[in-house]
Amino acid sequence: MNVNQSAPPVPPFGQPQPVYQGYHQSSYGGQPGSTAPTTSYGAYNGPVPGYQQTSPPGVSRAPPSSEAPPASTAQAPCGQAAYGQFGQGDVQNGPSSTVQMQRFPGSQPFGSVPLTPVVSQPTVLQPYGPPPTSAQVTAQLAGMQISGAVAPALPPVGLGYGSPASLASASGSFPNPGLYGSYPQGQAPPLSQAQGHLGAQPPQRSAPPQASTFTSPASGGPRMPSMTGPFLPGQGFGGPSLSQPNHVSSPPPQALPPGTQMTGPPGPPPPMHSSQQPGYQLQQNGSFGPARGPQPNYGSPYPGAPTFGSQPGPPQPLPPKRLDPDAIPSPQLNELPPQQKTRHRIDPDAIPSPIQVIEDDRNNRGSEPFVTGVRGQVPPLVTTNFLVKDQGNASPRYIRCTSYNIPCTSDMAKQAQVPLAAVIKPLARLPPEEVSPYVVDHGESGPLRCNRCKAYMCPFMQFIEGGRRFQCCFCSCINDVPPQYFQHLDHTGKRVDAYDRPELSLGSYEFLATVDYCKNNKFPSPPAFIFMIDVSYNAIRSGLVRLLCEELKSLLDFLPREGGTEESAIRVGFVTYNKVLHFYNVKSSLAQPQMMVVSDVADMFVPLLDGFLVNVSESRAVITSLLDQIPEMFADTRETETVFAPVIQAGMEALKAAECAGKLFLFHTSLPIAEAPGKLKNRDDRKLINTDKEKTLFQPQTGAYQTLAKECVAQGCCVDLFLFPNQYVDVATLSVVPQLTGGSVYKYACFQVENDQERFLSDLRRDVQKVVGFDAVMRVRTSTGIRAVDFFGAFYMSNTTDVELAGLDGDKTVTVEFKHDDRLNEESGALLQCALLYTSCAGQRRLRIHNLALNCCTQLADLYRNCETDTLINYMAKFAYRGVLNSPVKTVRDTLITQCAQILACYRKNCASPSSAGQLILPECMKLLPVYLNCVLKSDVLQPGAEVTTDDRAYVRQLVTSMDVAETNVFFYPRLLPLTKSPIESATEPPAVRASEERLSNGDIYLLENGLNLFLWVGASVQQGVVQSLFNVSSFSQITSGLSILPVLDNPLSKKVRGLIDSLRAQRSRYMKLIVVKQEDKLEMLFKHFLVEDKSLSGGASYVDFLCHMHKEIRQLLS
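For the sequence shown, the numbering used here gives the first residue as 5, with consecutive numbering after it.
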């Protein structure tokens, strides 16, 4: 998003919204295209020719990064391999210690220094003094480059010095650090830059003062020569080890002059900046690994590491010199010394890191509020905590898009292959500091709408003829303003009451609906909750029924209520069942509850009306008596068979008879094999995996449940299903009704009260208490040029436009894909309006409206600069998870890989500067697309391991379908937090490390969470004091593996870890059960399944291997 661009022709507010002083859009919004890992496949047997370059005298070769290098030298002790200088208790993740480079006088012809490839650097333009002479640098090369890309068409906006055209945006390419263990005993690797590890002295400047300014190729000047240089064996990528807190910290980033916006395409590499000339440092573009903003708990080894995206702090007096290589060739294998001819290994630190991107976005965008007044702004990442100020566009908590700048034509969209989609969460819960949408009551006349397209009044509507008419922003139809809504316009053509009316000044608001918006033209009754409890042998024996009945006694006091009311308007009813159904009359006038049995399950009916659905406070005594009696009544049951479809049918009939919407809470334990409609058989067959029939495992066994779901939706009957299976229950079939009615499925395999009660009760409490919209219909309208064509989520659709939801809660999303049906206009942009009609918990009919304006572009570079990878992955996962219903899993996987390769190949071809085919170039805001896509491909649905059951796969598949962007982000790329590295007294969350076994130190303890699971991994060499403080046992061997509750101990470490676990659980929509995993224990295999950057046991590729595979795919597409 270019914040400098002109406002839309009709701004939604009186004057264009100013961007906060000192606040800048993130690298995701306005930032130039980017850099990424490359490999020339040297590592895979294919030698690639190298070429020669030189570098200026006295300059020690920097590792190829877009950073300023530290220049101090630390000697590596002889006789130690470069990798593995740390003892058993600590594995080093970052740079290893290094040796000063060898230098050669003057320039020499290629090959004059035997056995090592030589890199040369062409002369550069230098306004301050004569050009440098060159020095030769020896280095060992490996086959990976990461390079910044240039969008050729647009000139960069001027930064801080020189004319705007005279400065290139930063861009660099990073080669692969070399072979591990390829040096003989006693010889340390030749290193290009001193890198400190634990306890290194701060870097000093080693280069002579220099300052250079280059003409950007975008403005027609000569292209700046590239500088190249390899990474060396054993050398980390330059970012500090994520497991070491005590690195040299970086000074604050440097500032741009006020009003400077960092937009425009990336240019060639930046000038080597003078270490004495004052000035402004360049914006970092697409740097991986080392580029860091100021970070909590660990610093950067580079002074002045630039941050991404927002306006940096005050200028530094001594900006460090920068070296930015642009292309690194791979050496011929026969040019390497004999001891170096081992297999290349790409250093994981040299490829884009999710942790780094998340950290940078938090540092850059977490402090300022996100103001929604500007069209097409890319919001901060879902992992960043930020406040939203609604000034005309819906908050990103309600709507997130895959791109905020969409192509003007369908041809351009087809070329880029970037899906245009929005993930909409209409009833999202807001943090306490933000205001819920205002409710607008227009009385009898109801909300004002366009006569032609029926869009609702919003800030983008244009009032004309002195305010007597308005032009619809969606279809351009001109409508009369009703007399009661008339208001005069000010000198800008804006209504004088615009800021008094939410619908004219805010992106999200609600209208009270009139009777015309209600079923059968009468206002709805308050909804009802019906609890339907399986009382078969399994449910009684496990203790589930007793636990549930005990909990319901207190939980019924916490039913959802409208703001401020004394008690909830929701009525409740109770049913128990096994092969037959038992209904209960709990009318307040009865002394004891009455039970009625319906054994004719083939023709279900509700045997009583009066007394079945009651008000909790009125019937309190009777309900308590019933809940006491149920566990006793069925204590001696021997009935093992259950029914399922008739239970849902009964609940729906009860709601129909009461003429209200509502929710059924079903607690069910086994496959319904009793003779009844919806009877199922065990069809679990692992032999179908990886065959064409695998898709049948995800499809329902019978069509009966779809028919039943359709009837439930018509009645506004939502179903939440709690499953407690000990074996196969056919989740794929049982979840059909919850899925199509907007409900939820919870699964507790092999339920045991002592281990699972906390998780079950926590989920139940949250599920019963959460605010739900009932009997809902949602429609998404768009301005001319695009239309909604596809929908993903938990809902039912009887036509192509209306999303019907028997229930919708604040956790559920609906994902909508858009396609072009006409040409779009850059000036007017594109508009979306999501309208949700629903019944509130108090029985009030309401309309919730969310509006969003997007930019349109004619340059592909603008599309790629305004994408949001997290939303893209959310869409792609849902698309793939729906695909497995109809296609073989392998086909679905291949489709995803092809689409990703096409997206990146299109960027490389159309937006990146010309460079060698051996380079992999990724857009800045898509540099995490490969790592995240690999996580989706390796997920249990698309690539199951041997231990994953068919039910697990079906469960996860339906779960992901309605997840929001934050949930899919952590689900596919789990968070791994080291617990003993940060100070105990620190109240903040410890900084995460990458999800890879290489990041684990056996002297540490780690928490891993993915929104559903929570593991505490304990290394075998953890200090005895830590073990005692956390587990209250004296040694590692005494810790119980599989422990699910930490002992409550009165010491700082125990309090901190338990507090952290509580805070992680509070952030997620489902309770995460803790599992303690000891290193080298059998449970560790389960834990390692979530270390998604590594190879998986089921055959999933590691991140590095997948990146190489993607690069190969892209090269094939380009050639």
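C-beta atoms are modelled at their ideal positions from N, C-alpha and C, and glycine is treated no differently.
Inset, instruction - Specify, as a first and last residue, the run of the alpha helix (DSSP H) that histidine 1115 falls within. - result: Position 1111 of the sequence shown, counted from the first residue, corresponds to residue 1115. Here the alpha helix (DSSP H) through histidine 1115 covers 1107-1122.
Legend entry - Whole-number beta carbon distance between asparagine 855 and alanine 398, since they are thought to touch under 8 Å: Translated into positions along the sequence shown, residue 398 becomes position 394. Translated into positions along the sequence shown, residue 855 becomes position 851. About 6 Å separates the Cβ atoms of alanine 398 and asparagine 855, confirming a contact at the 8 Å cut-off.
Legend entry - Completely contained alpha helix (DSSP H) runs for the segment 903-985, where each covers 4 or more residues: For secondary structure counted as the alpha helix (DSSP H) over 4 or more consecutive residues, the segment 903-985 holds these complete runs in sequence order: 933-941, 954-965, 969-976.
Legend entry - proline 742 in three-state terms, based on DSSP: For the purposes of this step, residue 742 is identified with residue 738 of the sequence shown, where counting begins at 1. The answer is helix: DSSP assigns proline 742 an H, G or I state.
Inset, instruction - Within the same chain, show all residues whose beta-carbon is closer than 6 Å to that of cysteine 457, passing over the 5 residues directly before and after it, in chain order. - result: Numbered from its first residue, the sequence shown carries residue 457 at position 453. Closer than 6 Å at Cβ, skipping near neighbours: Phe478, Cys479.
Legend entry - N-terminal and C-terminal residue of the alpha helix (DSSP H) that methionine 600 is part of: Indexing the sequence shown from 1 puts residue 600 at position 596. Methionine 600: not part of any alpha helix (DSSP H); member of the beta strand (DSSP E) spanning 598-602, first to last residue.
Inset, instruction - Give every residue of the same chain whose Cβ lies closer than 7 Å to the Cβ of glutamine 491, excluding the five residues on either side of it in the sequence, and list them in chain order. - result: Translated into the one-based positions of the sequence shown, residue 491 becomes position 487. Around glutamine 491: Gly471, Arg499, Val500, Asp501.
Inset, instruction - With DSSP as the reference, label threonine 737 as helix, strand or coil. - result: One-based indexing of the sequence shown puts residue 737 at position 733. Three-state DSSP puts threonine 737 in a helix.
Inset, instruction - Please report the residue range of the beta strand (DSSP E) in which phenylalanine 1019 lies. - result: The count along the sequence shown starts at 1 and reaches residue 1019 at position 1015. Per DSSP, the unbroken beta strand (DSSP E) holding phenylalanine 1019 starts and ends at 1017-1022.
Legend entry - Identity of the residues DSSP links to arginine 827 by a beta bridge: Residue 827 sits at position 823 when you count from the first residue of the sequence shown. DSSP lists no bridge partner for arginine 827.
Inset, instruction - Count the other CB atoms, across all protein chains shown, that sit within 10 Å of the CB of serine 919; report buried if there are 16 or more and exposed otherwise. - result: By one-based count along the sequence shown, residue 919 stands at place 915. Under a 10 Å Cβ-count criterion, serine 919 is classified as buried, with 16 or more other Cβ atoms of the shown protein chains found around its own Cβ.
Inset, instruction - Answer with buried or exposed for glutamine 863, where buried requires no fewer than 16 other C-beta atoms within 10 angstroms of its C-beta. - result: The residue you call residue 863 lines up with position 859 of the sequence shown. Looking at its Cβ environment, which holds 16 or more other Cβ atoms inside 10 Å, glutamine 863 is buried.
Legend entry - Best match in Pro487, Asp1109, Ser990 for proximity to glycine 1063 [C-alpha to C-alpha]: The sequence position of residue 1063 within the sequence shown is 1059, counting from 1. Check the Cα spacing between glycine 1063 and each of Pro487, Asp1109, Ser990: the tightest is with Ser990.
Inset, instruction - Drop a sphere of 10 angstroms on the beta-carbon of aspartate 826, count the other beta-carbons inside from all chains shown, and report buried for 16 or more, exposed for fewer. - result: Within the sequence shown, the letter at position 822 stands for residue 826. Label assigned to aspartate 826: exposed.
Inset, instruction - Please report the Cβ distance between leucine 738 and proline 650, rounded to the nearest whole angstrom; I am assuming they are in contact, meaning their Cβ atoms lie under 8 Å. - result: Residue numbering aside, residue 738 sits at position 734 when the sequence shown is read from its first letter. Residue numbering aside, residue 650 sits at position 646 when the sequence shown is read from its first letter. The C-beta distance from leucine 738 to proline 650 rounds to 14 Å, too long to fall under 8 Å, and the pair is not in contact.
Inset, instruction - Give the DSSP-derived three-state secondary structure of lysine 751 in the structure shown. - result: For the purposes of this step, residue 751 is taken as the residue at position 747 of the sequence shown. Judged by DSSP in its simplified three-state form, lysine 751 adopts strand.
Inset, instruction - Could you tell me whether the Cβ atoms of glycine 847 and serine 529 are closer together than 8 Å? - result: The residue labelled residue 847 in the question sits at position 843 within the sequence shown. The residue labelled residue 529 in the question sits at position 525 within the sequence shown. Yes, Cβ-Cβ distance for glycine 847 and serine 529 is below 8 Å.
Inset, instruction - Please say whether aspartate 632 and asparagine 582 have beta carbons closer to each other than 8 Å? - result: Here residue 582 corresponds to residue number 578 of the sequence shown, with the count starting at 1. Here residue 632 corresponds to residue number 628 of the sequence shown, with the count starting at 1. Judged by their CB atoms, asparagine 582 and aspartate 632 are not nearer to each other than the 8 Å cut-off.
Inset, instruction - Indicate the three-state DSSP secondary structure (helix, strand or coil) for valine 1096 in the structure shown. - result: Position 1092 of the sequence shown, counted from the first residue, corresponds to residue 1096. Valine 1096 falls in the coil class under three-state DSSP.
Legend entry - Continuous alpha helix (DSSP H) stretch holding methionine 536: start and end: Residue 536 sits at position 532 when you count from the first residue of the sequence shown. Looking at the DSSP string, methionine 536 is not in any alpha helix (DSSP H); the run it does join, the beta strand (DSSP E), is 532-538.
Legend entry - Segments assigned beta strand (DSSP E), at least 3 residues, entirely inside the segment 698-724: Taking 3 residues as the minimum length, the segment 698-724 contains no beta strand (DSSP E) run wholly inside it.
Inset, instruction - Quick one: grab the DSSP three-state call for proline 275. - result: To locate residue 275, count along the sequence shown from 1; it is residue 271. For proline 275, the predicted model reports a pLDDT of 39, less than 50, meaning its position is unreliable; a value from the coordinates is still stated below. Reduced to three states, the DSSP call for proline 275 is coil.
Legend entry - Three-state class that DSSP yields for proline 635 in the structure shown: As a first step, residue 635 is located in the sequence shown; it is residue number 631 there, counting from the start. In the three-state DSSP reduction, proline 635 falls in the helix class (H, G or I).
Inset, instruction - Please list, in chain order, all residues of the same chain as glutamine 656 whose beta carbon is under 7 Å from its beta carbon, the five residues on each side excluded. - result: If you number the sequence shown from 1, residue 656 lands on position 652. Reading the sequence as shown, one finds methionine at residue 656 and not glutamine. Glu715, Cys716, Gln719, Cys721.
Legend entry - Whole-Å CB distance - glycine 887 paired with threonine 899, under 8 Å assumed: Working through the sequence shown from its first residue, we reach residue 887 at position 883. Working through the sequence shown from its first residue, we reach residue 899 at position 895. The C-beta separation of glycine 887 from threonine 899 comes to about 7 Å, placing the pair in contact by the 8 Å criterion.
Inset, instruction - Compute the Euclidean distance between the alpha carbons of lysine 429 and asparagine 455, then round it to the nearest angstrom. - result: The count along the sequence shown starts at 1 and reaches residue 429 at position 425. The count along the sequence shown starts at 1 and reaches residue 455 at position 451. One C-alpha to the other measures close to 27 Å.
Legend entry - Given leucine 1018 as reference, the closest of Leu1047, Val1030, Asp1008, Gly1007 once Cα atoms are compared: Residue 1018 sits at position 1014 when you count from the first residue of the sequence shown. The option with the nearest alpha carbon to leucine 1018 is Leu1047.
Inset, instruction - Check whether the Cβ atoms of valine 940 and valine 960 sit closer than 8 Å, and answer yes or no. - result: On the sequence shown, residue 940 is found 936 positions in, with the first residue counted as 1. On the sequence shown, residue 960 is found 956 positions in, with the first residue counted as 1. Taking 8 Å as the Cβ cut-off, valine 940 and valine 960 do not qualify as a contacting pair.
Legend entry - Helix, strand or coil at glycine 1104 [DSSP, three-state]: Walking along the sequence shown from the start, residue 1104 turns up at place 1100. If DSSP states are grouped into helix, strand and coil, glycine 1104 belongs with coil.
Inset, instruction - State the DSSP-derived secondary structure class of lysine 591, mapped to helix, strand or coil. - result: For the purposes of this step, residue 591 is taken as residue 587 along the sequence shown, with counting starting at 1. Of the three classes helix, strand and coil, the one that applies to lysine 591 here is coil, per DSSP.
Inset, instruction - Could you pull out every residue in the same chain whose Cβ sits closer than 6 Å to the Cβ of leucine 1095, ignoring the five residues on either side in sequence? - result: Counting from one through the sequence shown, the residue named residue 1095 turns up at place 1091. Cβ within range, chain order: Ala999, Ser1000, Glu1001.
Legend entry - Closest Cα partner of glutamine 401 within the set Met416, Pro435, Thr413: Residue numbering aside, residue 401 sits at position 397 when the sequence shown is read from its first letter. Reading off the sequence shown, one finds arginine at residue 401, where the question assumed glutamine. Among Met416, Pro435, Thr413, the Cα nearest to that of arginine 401 belongs to Pro435.
Legend entry - Buried or exposed (CB count within 10 angstroms, at least 16 for buried), glutamate 1128: What the structure shows of the chain is the stretch from 5 to 1123, and residue 1128 is not part of that stretch, so it cannot be assessed.
Inset, instruction - Give every residue of the same chain whose Cβ lies closer than 6 Å to the Cβ of proline 635, excluding the five residues on either side of it in the sequence, and list them in chain order. - result: Translated into the one-based positions of the sequence shown, residue 635 becomes position 631. For proline 635, where only same-chain residues beyond five positions count, the Cβ hits under 6 Å are Val549, Arg550, Cys553.
Legend entry - Supposed close pair tyrosine 1107, valine 935 - CB separation, criterion 8 Å: For this step, residue 1107 is matched to residue 1103 along the sequence shown. For this step, residue 935 is matched to residue 931 along the sequence shown. About 5 Å separates the two Cβ atoms, so the contact holds.
Legend entry - CB of valine 807 within 8 Å of CB of lysine 882, strictly: Residue mapping note: residue 807 aligns to position 803 of the sequence shown, counting from 1. Residue mapping note: residue 882 aligns to position 878 of the sequence shown, counting from 1. Valine 807 places its beta carbon 8 Å or farther from that of lysine 882.
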